[in-house]
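Okay, structure first, notes after.
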Amino acid sequence: MNPLIYLKISSSTNVDIQNFKLDENDFLALYTFNQTKGKGQYNNSWEMNPEENLAFSLMLKTKNIKISKNIFNFHTASVVRDFIANLTRKVVEIKWPNDIILNKKKIAGILIEKKKIEHEEVFIVGVGINVLQTDFSRLPKAGSLLSQTNEKFDLNFIAENLFTYFQAQIFNSENVLENFNNHLFLKKKIAVFNLNSKRQNGIIKYADK
43 MNPLIYLKIS SSTNVDIQNF KLDENDFLAL YTFNQTKGKG QYNNSWEMNP
93 EENLAFSLML KTKNIKISKN IFNFHTASVV RDFIANLTRK VVEIKWPNDI
143 ILNKKKIAGI LIEKKKIEHE EVFIVGVGIN VLQTDFSRLP KAGSLLSQTN
193 EKFDLNFIAE NLFTYFQAQI FNSENVLENF NNHLFLKKKI AVFNLNSKRQ
243 NGIIKYADK
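Residues in the sequence shown are numbered from 43 upward in steps of one, following our numbering.
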């Protein structure tokens with residue numbers, strides 16, 4: 043049985059999960075509702091208000107993943123997108139590479155790290171989901187499940203069901219690119235990108251290998 047671990051407080055779930063052993067488990071997961079030093083993409087921080095949002099990390103052995111790391115990134119983004127879409131019954135999209143968008147607001151982000159722990163290579167998949175937060179005055183492009191759906195979801199329910207969904211889907215890597223491309227945010231539209239620290243306009247056509 044793959045364990046799910048709860049911490050009342052965590053500096054970073056992606057860091058703290060490394061204190062646990064996979065042993066014979068396919069993977070294990072750790073979550074908290076109070077993360078103090080969360081990490082985002084490109085060395086950014088991931089801020090979250092205590093008891094309002096979910097920080098969730100999954101650790102699994104790389105040898106059990108039969109697709110490239112790049113495709114695995116797309117796959118995990120699609121798994122989280124599908125989970126939130128099923129939960130909210132709303133149109134949920136993926137902003138390349140792995141932000142989750144609802145009503146043009148970022149409600150979740152994903153950070154995947156590859157580590158070597160006790161001679162075993164692992165992927166650590168960090169997921170942050172804004173659930174109950176309503177004040178985004180400092181982050182105007184962000185939102186939460188509550189702010190975008192007017193539904194008040196239980197944090198434990200989200201964590202436990204995300205874990206169950208990962209168990210069912212993480213090793214099912216069929217049609218990854220098709221699923222990812224079907225839900226790309228701003229697909230075939232002009233968008234602004236940061237490339238080599240420069241803001242540039244471009245059109246998202248599709249993601250490939």
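Ideal Cβ positions, reconstructed from N, Cα and C, are used throughout, including at glycine. From a predicted model like this one, the values you see are computed outputs, not experimental measurements.
Distance check between D141 and each of H225, H161, R180 places H225 closest, using alpha-carbon atoms only.
As a beta-bridge residue in DSSP terms, E162 pairs with I159. Contact check for L187 and F195: beta-carbon distance about 5 Å, within the 8 Å limit, so the pair qualifies. The C-beta distance from K103 to E155 rounds to 14 Å, too long to fall under 8 Å, and the pair is not in contact. Judged by DSSP in its simplified three-state form, R123 adopts helix.
One Cα belongs to G80, the other to V164, and the distance between them is close to 19 Å. With a minimum length of 3 residues, the unbroken runs of beta strand (DSSP E) contained wholly in the region 137-224 fall at 141-144, 147-159, 162-172. In the DSSP assignment, T104 falls outside any beta strand (DSSP E) and carries neither an H nor an E. Of the residues assessed, V133 falls on the exposed side of the cut-off, its CB having fewer than 16 other CB atoms within 10 angstroms. Residue T74 holds the alpha-carbon nearest to the alpha-carbon of Y48 among D68, L70, T74. Contact between N67 and N44 holds, since their C-beta atoms are separated by about 5 Å, short of 8 Å. By the neighbour-count definition (other C-beta atoms within 10 Å, threshold 16), S52 is a buried residue. The shortest CA-to-CA distance from L197 to any of H117, E94, Q77 is the one to E94. Following the DSSP letters along the chain, one finds T74 inside the beta strand (DSSP E) bounded by residues 69-74. In this structure N192 is exposed. Its beta-carbon is surrounded by fewer than 16 other beta-carbon atoms within 10 angstroms. By the neighbour-count criterion, in which a residue is buried when 16 or more other Cβ atoms sit within 10 angstroms of its Cβ, R131 is exposed.
Per DSSP, the continuous alpha helix (DSSP H) segment holding T55 begins and ends at 55-58. The three-state secondary structure of I47, taken from DSSP, is strand. Of N61, D124, M101, K147, the smallest CA-CA separation from P182 is found for K147.
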